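Remarks on the structure that follows.
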Amino acid sequence: MSSSFHASTVDWLGSWIAAGQVKPGQTIKVEADLGEQLGVSRTVIREAIKTLVAKGMLEVGPKVGTRVLPVRRWNLFDPQVVGWLSRSGLPENFVDDLLDLRRTIEPMAVRWACERATADQVQAIRLAYHALERAVDSGADYNRADQFFHECILAASHNQFIEQMVPALGALLAVSFEVSAADPDELRRTLPIHKDIADAIAARDAARGVWACMTLIDNADLAIKRFYPNVMAGRTDAAGQVGNRRFQ
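Numbering-wise (this note's numbering), the sequence shown opens with residue 1 and increments by one.
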């Protein structure tokens, strides 16, 4: 079985389900029909379904067939699952829950980074901030630079559970940043707050760092409330275009 066919099929099926083309509790097409539609073998479809079962998106049973599970059962710490949901237009409660997660994890990660970051990690956070600063001035990929800045802080927390969550948290943070960055003034307005966080970690000032982190998340919350409908409207339109496709 070609790994590229497998990856492409998983990606198509995951996007198709996340876009709401089949609702939770409903069964998806039989393997033969999906294989014919996508131009791949039943074996490829079967293995792709196994992958989505492992991600909590599908359930397979002898009497119910292959059924889509509710989103609450999906592995939302799987970066690929988050990516599929993001493509299709996230429900507003998802973004609210994401902000709650950030408020739960990030301030503590900043506190621990103030206490535990090595000299090399402090330098990495400073360099990540400077990259963020350049991205604002040059119009480069600010979201990616912002994500990397926060990932450096999470890694510097020296908490093994948070460190293992960095890939998933990175994907979740990317969603939050993309929505909040829809405000054209948000980037420059929050840049000094990022600097406060970096400086606080370098100075081992946990109180200052935690306050700056909470301020940053609260600003993101306000920006998301203002710009969320416009950003997600475009995603929803794109999701509606998921349809027939054959892999070459």
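Here a beta-carbon is modelled for each residue, glycine too, at the ideal position from N, C-alpha and C. Being a predicted model, the structure only gives us computed values, none of them experimental.
- Burial state of S86 is buried, judged by a 10 Å Cβ sphere holding 16 or more other Cβ atoms.
- Setting aside the 5 residues that flank it on each side, H150 is surrounded in the same chain by L173, each with a C-beta closer than 6 Å to its C-beta; the list follows chain order.
- Of the candidates D33, Y129, I45, T27, the residue whose Cα lies closest to the Cα of I197 is Y129.
- The C-beta distance from R188 to V136 rounds to 6 Å, short enough to fall under 8 Å.
- The beta carbon of G83 sits closer than 6 Å to none of the beta carbons in its chain outside the five residues before and after it.
- Taking C152 as the centre and dropping the five residues before and after it, the same chain places the C-beta of Q121, A124, I125, A128 closer than 8 Å to its C-beta, in chain order.
- Beyond the five residues adjoining it in sequence on each side, L34 comes within less than 6 Å, by CB distance, of I45 in the same chain, given in chain order.
- Residue burial annotation: D146 is buried, with at least 16 other C-beta atoms found within 10 angstroms of its C-beta.
- In terms of Cβ geometry, I217 and R102 form a close pair [threshold 8 Å].
- Our two residues, I49 and V60, have alpha carbons roughly 9 Å apart in a direct line.
- For R208 and D141, the gap between their C-alpha atoms comes out near 28 Å.
- For L58, the enclosing beta strand (DSSP E) stretches over residues 58-61.
- In the DSSP annotation of this structure, the continuous segment of the beta strand (DSSP E) that includes T66 starts and ends at 65-68.
- Judged by DSSP in its simplified three-state form, T27 adopts strand.
- For the set G20, V10, I201, the Cα lying nearest the Cα of A117 is the one of I201.
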